[in-house]
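Going from the sequence shown to this note's numbering is simple: count from 1 and add 893.
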Amino acid sequence: MESILCTNRNLWENKQNSHFLQSFDWGEFQRHFGKEILRIQIKEGNQVVGQVQGVVHAFPLGIKYLYIPRSEISTSEEYSCLLDFLKKQFSFVFVRFEPVSLQSSIIKDLQIVPTHPRLWQHTLVLNLEDSLETLLAQMHSKTRYNIRLAERKGVVIEEIEDIDIFWKLNEETSLRDKIKTHDKAYYKEMIKGKQMRLLCGFVEGNPVCAGIFSFYNKRCTYLHGASGNAYRNVMAPYLLQWHAIKMAQDLGCEEYDFGGIAAPAQKDKPSTEFHNLCWSVEDKLTGVTRFKAGFGGGRESYGDSFDIILNLTLYKLYTFLRRLIV
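Structure follows, in C-alpha cells:
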C-alpha cells in the first residue's frame, strides 16, 4: 500500500468521494482564495482504495497543519499509509480530520486529540427515490400548507447567476439574525462551480429569498440561504426548498441534504421536538432545525472530529498560541 499525490481531475473523480467537500471542484474553489490543496490517493497495486483532499493551514512560527473535511478513509492501514506519507513529504504538526463516519474503533496507537468540528455534525436527509407525492405526504401539514400558500401568493422560483441579488438578501439576513457570513467575493466564486446552483424566489419581480445548492454524487446539499425583510408572510423559503428538491430529483439526485441541524436532545437538557425530530434547544441551529424538520427525512450524524499529532512539542505550542489569540 502506498500514498501518492494526485493532480488530475479525471483520476480524482473516480467515485471514491461521496461528499462535495472532497470534490476536485471544491479544492479548486479553495485554491482560488490562496489555499494550498493536497490531494492524496492511497493505492494497493494499481487500485485506488482511498483518497483524501486536504487544505493546508499555516500558523505563525512555521506551524502548519492539514485539514481534511469529510474524510472517508476507513481502515487503520489506510490511516497509517497516509500518515507515513505526510511525515516523509511534509512538515505538518498535525492532521485534522472531520470524518464522514465514526472512526474511534479503527485508530490505534496514534496520538489523537478530540477537537471541535468546523462543519455541521448533524444533518437531515430526504430520500429522493420516493415520489413527489410521497415526499409531500411525509411533510408536516404546516409545511405543505406554507408551500401551497407561497404558490397562491405568486412566489416564483428561478435559477439565477446575479450574485448581487443574493448578496443584498444575505446582508438583510445577517443584520436581522445577527449572524456572520462570508464576504461577497466568496459567494461570487462559489456559484461559478459546475456543481453549484443559485435559486431565488421572487414576488411581483422582487427578490425575497435565495439559496445556494451543491449537486454532487447524486446528492443535493443546501449550503447557504438568505431572505429579505419584505414579503415575509408569503412563506417563500418553503417553496424555494420544494423547488430545489424537485430540481434535485430531475437531475438524478437520490438524496437531499438540508445541511446543518441541531444536535440530538440530551438527557436532563432542555429539548424540543417537531415532526418526529427531537433536538437540543441550546444548540445555535435550533431555529433553522424547526424549519427543516417540517420537510421530513431522517437525521444523519458525522463522526467526531479529531487531530492526529505528528509533532507533540509544536502541537503544544500551537494550542498555547491559539488560546492567546482567542
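Glycine included, each C-beta is placed from N, C-alpha and C at the ideal position.
Predicted, not measured: the structure shown is a model, and the values here were computed from it.
Inter-residue Cα distance where the pair is residue i and residue j
i: Thr1036; j: Gln944; result: 40 angstroms
i: Asp898; j: Glu1148; result: Strictly speaking, residue 898 in this sequence is Leu, with Asp absent from that position. Going by the C-alpha atoms only, they are around 31 angstroms apart.
i: Tyr1124; j: Val1101; result: 7 angstroms
i: Arg1090; j: Thr1008; result: 32 angstroms
i: Gln1159; j: Thr1206; result: 36 angstroms
i: Glu971; j: Cys1093; result: 43 angstroms
i: Pro992; j: Met1083; result: 23 angstroms
i: Leu1025; j: Asp1076; result: 36 angstroms
i: Thr1066; j: Glu1022; result: 33 angstroms
i: Asp1161; j: Glu1175; result: 12 angstroms
i: Asp1070; j: Tyr1208; result: 36 angstroms
i: Glu895; j: Asn901; result: 18 angstroms
Residue nearest to residue i in terms of C-alpha spacing, selected from the options
i: Val1127; options: Leu1042, Glu1193, Thr1182 and Glu970; result: Leu1042
i: Lys1177; options: Ser911, Thr1212 and Lys1073; result: Lys1073
i: Glu1193; options: Leu1203, Trp1172 and Leu1205; result: Trp1172
i: Leu1017; options: Arg1215, Leu1170 and Asn1039; result: Leu1170
i: Thr1212; options: Thr1114, Trp1013, Val1006 and Pro1130; result: Val1006
i: Pro962; options: His912, Met894 and His1136; result: His912
i: Leu1003; options: Leu976, Trp919, His1015 and Gln1014; result: Leu976
i: Lys908; options: Ser994, Leu995, Arg1112 and Phe1095; result: Arg1112
i: Phe983; options: Leu1029, Asp1023, Gln1031 and Leu931; result: Leu931
i: Gly947; options: Asp918, Leu1144 and Val941; result: Asp918
i: Arg1011; options: Tyr1195, Arg1216 and Gly938; result: Tyr1195
i: Pro1157; options: Ile935, Gln1014, Thr968 and Glu921; result: Gln1014
i: Asn1110; options: Lys1061, Leu1144, Gly1153 and Thr1165; result: Leu1144
i: Ile966; options: Ile1053, Pro1163 and Lys936; result: Lys936
i: Gly1086; options: Asn1099, Phe1108, Phe1095 and Leu1062; result: Phe1108
i: Asn1039; options: Asn901, Gly1153 and Lys1185; result: Lys1185
i: Phe926; options: Ile1053, His950, Ile956 and Asn910; result: His950
Residue i in three-state terms, based on DSSP
i: Tyr1211; result: helix
i: Tyr1195; result: coil
i: Val949; result: strand
i: Ser969; result: helix
i: Cys899; result: coil
i: Lys957; result: strand
i: Tyr1038; result: helix
i: Trp1135; result: helix
i: Tyr1115; result: strand
i: Val1096; result: strand
i: Met1128; result: coil
i: Leu1144; result: coil
i: Thr1165; result: strand
i: Glu921; result: helix
i: Asp1055; result: coil
i: Asp1176; result: coil
i: Lys1087; result: coil
i: Ser1067; result: helix
i: Val1181; result: helix
i: Thr1016; result: strand
CB-CB length for residue i against residue j, believed under 8 angstroms
i: Thr1182; j: Ala1141; result: 20 angstroms between Cβ atoms; not a contact.
i: Phe952; j: Ile1201; result: That belief does not hold up - the Cβ atoms of Phe952 and Ile1201 are roughly 17 angstroms apart, past 8 angstroms.
i: His1033; j: Gly1187; result: 4 angstroms
i: Tyr958; j: Phe985; result: 5 angstroms
i: Ile1105; j: Tyr1131; result: Incorrect: roughly 17 angstroms between the Cβ atoms, too far for contact.
i: Ser916; j: Gln1088; result: 7 angstroms
i: Ala1103; j: Ala1119; result: 5 angstroms
i: His1136; j: Ile1056; result: Wrong, their Cβ atoms sit about 19 angstroms apart, outside the cutoff.
Residue-chain proximity (residue i, chain C), Cβ-Cβ < 9 angstroms
i: Gln1031; result: In summary, chain C is missing from the structure at hand, where a single protein chain is found.
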